[in-house]
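Inspection log for the structure reproduced underneath, given as structure tokens.
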DNA sequence: CCAGCGAATGAATGCGGTTTCATTGCTGTT
DNA sequence: AACAGCAATGAAACCGCATTCATTCGCTGG
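Residue numbers (the working numbering), protein chains in the order written: chain A, 1 to 330; chain B, 1 to 330.
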């Protein structure tokens with residue numbers, strides 16, 4: 001392995017100068033710098049990052065902790081984080097917690113030892129653990145808010161509202177809500193928005209609670225049956241996956257989408273476009289959230305830059321929504 | 001920040017002993033060890049990984065370089081790598097090359113500086129670059145073979161063969177092949193297997209070349225049209241995504257799957273089960289491949305352990321395949 | 001013409017661990 | 001009783017780089 005001293009010796013300068021030539025080019029004479037750079041290249045010198053990290057106290061890495069890298073939205077967050085980190089010259093240490101709330105803290109703490117700070121995606125850990133982690137080093141939350149910790153979240157209430165307005169405009173007067181897990185922060189948020197919107201902003205709209213469901217495709221059958229029984233003419237789902245499941249079940253029971261029942265999802269996963277019919281859904285900007293999280297973590301911007309980002313969501317209307325009962329449409 | 005010296009001082013031992021108590025517990029007296037461990041815990045000591053890496057020359061990290069973390073199979077590989085790495089006490093540094101062959105080498109080289117070795121997934125870079133990278137540190141290839149470099153690949157020929165046997169057994173005599181990108185190593189491999197099997201192992205089976213296509217859903221329409229025009233009664237696709245696209249296009253033209261045409265995919269992405277009809281496909285063990293790659297990289301096993309893994313694939317028969325022309329079925 | 005200044009460089013130190021080597025104090029053997 | 005041998009520990013030397021501080025040298029300005 002060729003070290004900086006080797007380069008320095010070969011170039012006829014001191015290690016200090018060699019170091020400067022590489023890392024602080026403008027404090028060294030042009031001729032010297034070029035000589036050092038050239039011999040470094042010739043010798044195939046590669047800086048030892050561990051040594052650099054030790055000397056500067058700066059690892060040049062950030063951590064990314066998420067429940068499941070195979071989930072489309074976490075993968076998208078990872079994509080955003082990776083891209084932004086590269087732009088800023090940082091490397092990304094990734095850790096999958098396998099949806100295990102108990103492991104989550106341990107894993108994150110171990111990651112924190114190696115990096116400048118960690119990005120926690122939809123963390124399930126307790127608030128106390130969150131704060132303990134924050135004591136170990138910088139932390140940024142994605143899709144969760146807690147205390148004063150920096151976070152990036154989404155304006156899902158606006159998305160819910162938009163969806164409801166769309167549905168109402170199409171003539172629907174009774175829309176079902178297929179909820180997510182009871183423990184999910186975002187499920188609670190959506191329910192309260194639903195009630196608020198139906199009660200105040202939109203006239204004569206009835207929300208029917210279709211229960212809590214695991215956010216997976218197969219939950220669709222129970223949810224679809226409940227929807228069909230409820231008399232709702234439109235369904236808003238916690239998740240694209242369950243929306244897709246609902247559609248499938250509806251179709252296999254001979255109920256047409258959107259002619260008989262309209263379905264709206266959440267997330268806009270890649271497959272939403274490819275489904276039949278293509279899914280109307282509230283698109284959540286996962287990748288931009290990843291980028292924003294990196295910016296928050298690395299403090300790009302002034303010392304007193306905002307500590308919270310709330311990203312706008314976007315209702316994308318495709319073909320799983322259509323006119324409601326005749327006579328209602330505007 | 002609390003260092004090892006702080007712990008040592010507080011415990012009344014030398015830094016050397018403190019270090020041993022933590023990292024090499026059996027060479028230190030029980031009483032001493034416990035005292036050190038306790039004070040370390042009390043002080044909230046966390047080892048500085050950079051310092052450890054510098055001293056031991058061992059970063060405890062491995063690199064994972066892949067073209068696109070949002071692709072289901074790369075995500076699965078990542079999952080496997082992450083899980084196995086954690087079992088072995090390593091952290092994983094991830095880098096997404098954004099499908100950019102030119103960036104790939106640069107990114108991998110930069111990753112190599114920080115880790116013990118890197119796992120390259122479906123690398124597009126030249127053989128020369130591959131070897132240059134290997135000179136920088138240990139390298140393991142996934143889904144590609146090159147020179148003597150350690151690799152884990154898949155026995156796709158067996159999968160192709162299985163699929164063909166299934167189709168022939170169902171009475172199909174003319175099956176189309178929807179190919180992948182011209183540059184893909186695995187496409188070439190499949191084509192030659194196709195020819196070999198059709199020519200030698202299975203009687204009276206005709207393979208019709210349906211051209212090269214980008215491995216995405218939307219390629220399905222061109223491929224489906226070509227298939228319909230070719231008179232083939234079954235189609236084998238490079239990819240689940242194009243298989244799904246083919247099915248969609250076929251259906252929208254009023255051609256039924258599998259009654260009129262059978263379709264077989266490759267990969268078994270999560271959505272293959274959820275499609276209508278559920279897709280018959282050759283399942284590739286991506287996550288196990290990730291695990292195997294880690295084992296190869298970290299040299300779990302004897303010094304002269306095998307340097308190549310070739311994992312078995314598995315044809316999973318679902319509902320996109322059915323009987324061919326009447327009278328042929330066995 | 002010389003004091004004084006700034007640019008360029010080198011010597012030395014530290015970052016926080018690990019590890020070699022030497023030292024100390026015992027136990028057990030002859 | 002003396003000594004070999006071993007277990008437990010400490011002192012000190014790195015690991016490879018960044019950085020502070022001191023030094024040298026060529027210039028400028030009074």
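Glycine is no exception: its CB is placed at the ideal position from the N, C-alpha and C atoms.
Can you look up residue i in the DSSP assignment and give me helix, strand or coil?
i: residue 97 of chain B; result: coil
i: residue 144 of chain A; result: coil
i: residue 213 of chain B; result: coil
i: residue 245 of chain A; result: helix
i: residue 310 of chain A; result: strand
i: residue 62 of chain A; result: strand
i: residue 282 of chain A; result: strand
i: residue 269 of chain A; result: coil
i: residue 76 of chain A; result: helix
i: residue 107 of chain A; result: helix
i: residue 206 of chain B; result: strand
i: residue 200 of chain A; result: helix
i: residue 118 of chain B; result: strand
i: residue 151 of chain A; result: strand
i: residue 44 of chain B; result: coil
i: residue 12 of chain B; result: coil
i: residue 19 of chain A; result: helix
i: residue 2 of chain B; result: coil
Rounded to the nearest angstrom, how far is the Cβ of residue i from that of residue j, given a contact under 8 Å?
i: residue 29 of chain A; j: residue 18 of chain A; result: Not a contact, Cβ separation roughly 13 Å.
i: residue 63 of chain B; j: residue 115 of chain B; result: 4 Å
i: residue 146 of chain B; j: residue 130 of chain B; result: 5 Å
i: residue 320 of chain B; j: residue 273 of chain B; result: Not confirmed; about 11 Å, so no contact.
i: residue 67 of chain A; j: residue 269 of chain A; result: Residue 67 of chain A to residue 269 of chain A, Cβ: 15 Å. No contact.
i: residue 282 of chain A; j: residue 315 of chain A; result: 5 Å
Does chain A have any CB closer than 8 Å to the CB of residue i?
i: residue 114 of chain B; result: yes
i: residue 70 of chain B; result: yes
i: residue 248 of chain B; result: yes
i: residue 92 of chain B; result: yes
i: residue 82 of chain B; result: yes
i: residue 244 of chain B; result: yes
i: residue 351 of chain B; result: Any answer about residue 351 of chain B is impossible in this case: the structure gives chain B only from 1 up to 330.
i: residue 95 of chain B; result: yes
Thinking C-beta only, is residue j closer than 8 Å to residue i?
i: residue 33 of chain B; j: residue 16 of chain B; result: no
i: residue 175 of chain B; j: residue 236 of chain B; result: yes
i: residue 149 of chain B; j: residue 136 of chain B; result: no
i: residue 284 of chain B; j: residue 154 of chain B; result: yes
i: residue 91 of chain B; j: residue 61 of chain B; result: yes
i: residue 264 of chain B; j: residue 232 of chain B; result: no
i: residue 220 of chain A; j: residue 179 of chain A; result: no
i: residue 65 of chain A; j: residue 97 of chain A; result: yes
i: residue 289 of chain B; j: residue 160 of chain B; result: no
i: residue 7 of chain A; j: residue 43 of chain A; result: yes
i: residue 223 of chain B; j: residue 246 of chain B; result: yes
i: residue 196 of chain A; j: residue 164 of chain A; result: no
i: residue 308 of chain B; j: residue 234 of chain B; result: no
i: residue 157 of chain B; j: residue 189 of chain B; result: yes
i: residue 350 of chain A; j: residue 326 of chain A; result: No information on residue 350 of chain A is available, as it lies outside the stretch 1 to 330 that chain A covers here.
i: residue 59 of chain B; j: residue 286 of chain B; result: no
i: residue 119 of chain A; j: residue 82 of chain B; result: no
i: residue 177 of chain A; j: residue 213 of chain A; result: no
i: residue 253 of chain B; j: residue 228 of chain B; result: yes
Does any CB atom of chain B fall closer than 8 Å to the CB of residue i?
i: residue 240 of chain A; result: no
i: residue 207 of chain A; result: no
i: residue 47 of chain A; result: yes
i: residue 178 of chain A; result: no
i: residue 276 of chain A; result: yes
i: residue 289 of chain A; result: no
i: residue 18 of chain A; result: no
i: residue 319 of chain A; result: no
i: residue 75 of chain A; result: yes
i: residue 78 of chain A; result: yes
I want to check one thing, is the minimum distance from the CB of residue i to the heavy atoms of the ligand MN below 7 Å?
i: residue 232 of chain A; result: The ligand MN is not among the ligands present in this structure, which contains no ligands whatsoever.
Within 8 Å of chain B by C-beta, residues of the region 209-220 of chain A in sequence order: 217
For the region 256-274 of chain A, which residues have a CB atom closer than 7 Å to at least one CB atom of chain B, in sequence order? 271 and 274
Relative to chain A, which residues along the region 48-60 of chain B have a C-beta separation below 7 Å, given in chain order? 49, 50, 51, 53, 54 and 59
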